[in-house]
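Inspection log for the structure reproduced underneath, given as structure tokens.
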Amino acid sequence: MITREEIIKHTNEALEKEFEFRAEQLVPSARLRDDLGLDSLDALDMVVVLEQQFGVTLRQGYDLRTIITLEDLYNFIEKIAREHNK
Amino acid sequence: MGDSNTVVITGMGAVSPYGRGVETFWDGLLNARPCMHTVPELEALPLVQTKVAATVPPEDYSFIARKYRRGMSRMGLYAYCAAQEALKQAGYDQAPAHLGFFMGSTLNSISVWLELASYSQGAHLEMIKTSDFLQIMNHSPLAGVCQALKINGPAMGNSEACATGLMNIGLGFMAIRSGLVSQALCGGTEEYHPMFSACFDIMQATSKNANDCPDTACRPFDKSRTGLVVAEGCGLVFMESKQSALARGATVLAEVLGFYANTETENMAFPSALTLQRCMQGALDACGVRPEQVDLLNAHATGTIAGDIAETQAAQAVFGPQLRINSLKGHIGHTMGASGSLESIACVNMLARQTVLPTKNLCQPDERCAALAYQTAVQKTPLRIVLKNSFAIGGNNCSLLLRRPE
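Just so you know, the sequences run in chain order A and B.
Note that the numbering used here has the first sequence beginning at 1, numbered continuously upward.
Note that the numbering used here has the second sequence beginning at 1, numbered continuously upward.
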């Protein structure tokens, strides 16, 4: 079972690569839209790269409106990963 | 002709195999700097005879915001740089309101397309990102630059292969004349992929006998020529009505006198001399210029056997054997969709500097090419009117007349 730390590490790696973030920008409280500047198209691409990163399906049940911060994103991935491993 | 009907060029932007910028482009041409190189992907293909291309030196484009860069393949990045340079020379930090934008390419990014095809082969079409699609639309470079530079007038992506750049200048010329816009950015952009070389190779149109000496590979009009060298880049000109330029005190670089286009319907790949003759004559007739008033023909002349012969025969029929002629494909190769506009930028510079560039690698004109005044050295000379030709596979031909500002 993937750990919380691994989820954070792999998520941040994927976001750094896809969206050219610096590691220090990716603090849990960072808001995806307002702090990191991701728009609606970025949000769609983010799902694709995270699905590749974790090998799970995120796009069903994914609602950006409920995922405001990176912390929210980690929580969402953790929940999906847990369900995936049931 | 009134100032509102007269169209002038007030800005130019270039990305060429010499690098970024109009000055870099001119310096490379004037000094015949080397820019061609062998391509490893072609060297690995025994059945493809040409091994040479001319590509834009790699650069870091991260100065373009990621939000805009995500939708740009290489040809979009080139177009962004050229557009920004042309706007700046025209006197704008930002695009003026209702600026028209007319730009296209031969194909869209083959590299990105192949990346998508690899998703498909791996049954992973689900992994396609929105940014992939934003890069492979037919008008991706046009749309991307509009977003990045806030160009909010009519934007149209006209595409006629190797005539694209000049056709778009013609389209902008007509759009300004019609009153649709008073200002427009116009030209073509292109990015190299070895597939272009392989395609032209199978058509027996590529250079074959100078793979060990790339910068001599393309030899327009020369007896020893064997074909073209595929290249890439972007050329954009900022055009506006003379009325608009005068009203804002812009420096006029050249006047666009006339434009004409026609289509060869007998053969998609080999235009007849008669069709090309009619194209050049049409441009003269469109603006009432007499053949003897034209000081230079900057030919399409890609260095193919048949193409150079047909174009010179057509030029001689229109202008007579005293016409001065050059081609820039020996310097930078065939930048395809960008060639007409990049070479028009060189024409404007030749007019401005009263300097005729030679045809690089032209040592002995082919006797099958019609007798003309082939330019083989840089020459300072009075120049007032230059004719620029572009011809495309598919049979699409066009000619544009440029005049030094009065």
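Positions of the beta carbon are idealized from the N, C-alpha and C atoms, including for glycine.
Below-7 Å beta-carbon distance, residue i vs any chain B residue
| i | result |
| --- | --- |
| A/L44 | yes |
| A/L70 | no |
| A/V56 | no |
| A/E20 | yes |
| A/V47 | no |
| A/L73 | no |
Residue i versus residue j: straight-line alpha-carbon distance, rounded
| i | j | result |
| --- | --- | --- |
| B/C398 | B/L362 | 24 Å |
| A/A23 | B/M156 | 40 Å |
| B/K88 | B/H98 | 17 Å |
| B/K380 | B/Q313 | 26 Å |
| A/L50 | B/Q135 | 21 Å |
| B/Y92 | B/E85 | 10 Å |
| B/K308 | A/F54 | The displayed chain sequence assigns Asp, not Lys, to residue 308 of chain B. Distance between the alpha carbons of B/D308 and A/F54: 57 Å. |
| A/L38 | B/K67 | 9 Å |
| B/A306 | A/Q52 | 51 Å |
| B/T130 | A/D42 | 8 Å |
| A/Y74 | A/Q60 | 16 Å |
| B/G153 | B/Q354 | 35 Å |
| B/G233 | A/R82 | 50 Å |
| B/D3 | B/S241 | 7 Å |
| B/M203 | B/M195 | 12 Å |
| B/G170 | B/R177 | 10 Å |
| B/G288 | B/G282 | 10 Å |
| B/C199 | B/S207 | 13 Å |
| B/G19 | B/L236 | 15 Å |
| B/E264 | B/G394 | 8 Å |
| B/P17 | B/L228 | 15 Å |
| B/A299 | B/S327 | 5 Å |
| B/G337 | B/C218 | 18 Å |
| B/L387 | A/M46 | 51 Å |
Beta carbon proximity, residue i to chain A, threshold 7 Å
| i | result |
| --- | --- |
| B/M137 | no |
| B/S109 | no |
| B/M167 | no |
| B/S390 | no |
| B/R69 | no |
| B/R66 | yes |
| B/S73 | no |
Partners in chain A for residue i, counting only beta-carbon separations shorter than 8 Å
| i | result |
| --- | --- |
| B/S118 | By Cβ distance, chain A contributes nothing, its closest Cβ being about 14 Å from B/S118, past 8 Å. |
| B/S131 | L41, D45 |
As assigned by DSSP and simplified to three states, the class of residue i
| i | result |
| --- | --- |
| B/L351 | helix |
| B/V7 | strand |
| B/M203 | coil |
| B/H334 | strand |
| B/D222 | strand |
| B/A153 | Going by the sequence as given, residue 153 of chain B is Gly instead of Ala. In the structure shown, B/G153 sits in coil (DSSP, three-state: anything other than H, G, I, E or B). |
| A/V49 | helix |
| B/G28 | helix |
| A/R22 | coil |
| B/C398 | strand |
| B/R177 | helix |
| B/P214 | helix |
| B/Q379 | strand |
| A/R93 | Coverage of chain A is limited to positions 1 through 86, which leaves residue 93 of chain A absent and any answer about it impossible. |
| B/M12 | strand |
Residue range of the unbroken alpha helix (DSSP H) whose run includes residue i
| i | result |
| --- | --- |
| B/T275 | 273-287 |
| B/M234 | Sequence check: residue 234 of chain B is Cys here, not Met. Unbroken run through B/C234 is the beta strand (DSSP E), 233-241; no alpha helix (DSSP H). |
| B/G100 | B/G100 -> not in any alpha helix (DSSP H); beta strand (DSSP E) instead, spanning 100-104. |
| A/I77 | 70-84 |
| B/S131 | 130-136 |
| B/K67 | 66-69 |
Where the beta strand (DSSP E) containing residue i begins and where it ends
| i | result |
| --- | --- |
| B/L387 | 385-391 |
| B/G188 | 183-190 |
| B/K260 | Checking the displayed sequence, the identity of residue 260 of chain B turns out to be Tyr instead of Lys. Counting along the chain, the beta strand (DSSP E) containing B/Y260 begins and ends at 254-263. |
| B/A314 | It is not in any beta strand (DSSP E) - B/A314 instead sits in the alpha helix (DSSP H) that spans 305-319. |
| B/I325 | 324-326 |
| B/R74 | Taken as a continuous stretch (DSSP letters only), B/R74 belongs to no beta strand (DSSP E), being part of the alpha helix (DSSP H) at 74-90. |
| B/A53 | 52-54 |
| B/L297 | 296-298 |
Within chain B, the residues that residue i reaches when beta carbons sit closer than 7 Å
| i | result |
| --- | --- |
| A/Q52 | M127 |
Proximal chain A residues relative to residue i, where beta-carbon distance stays under 9 Å
| i | result |
| --- | --- |
| B/S140 | Per Cβ cutoff of 9 Å: no residues; B/S140 is ~14 Å from chain A at best. |
Within chain B, the residues that residue i reaches when beta carbons sit closer than 9 Å
| i | result |
| --- | --- |
| A/L26 | None at all; the shortest Cβ gap to chain B is about 15 Å. |
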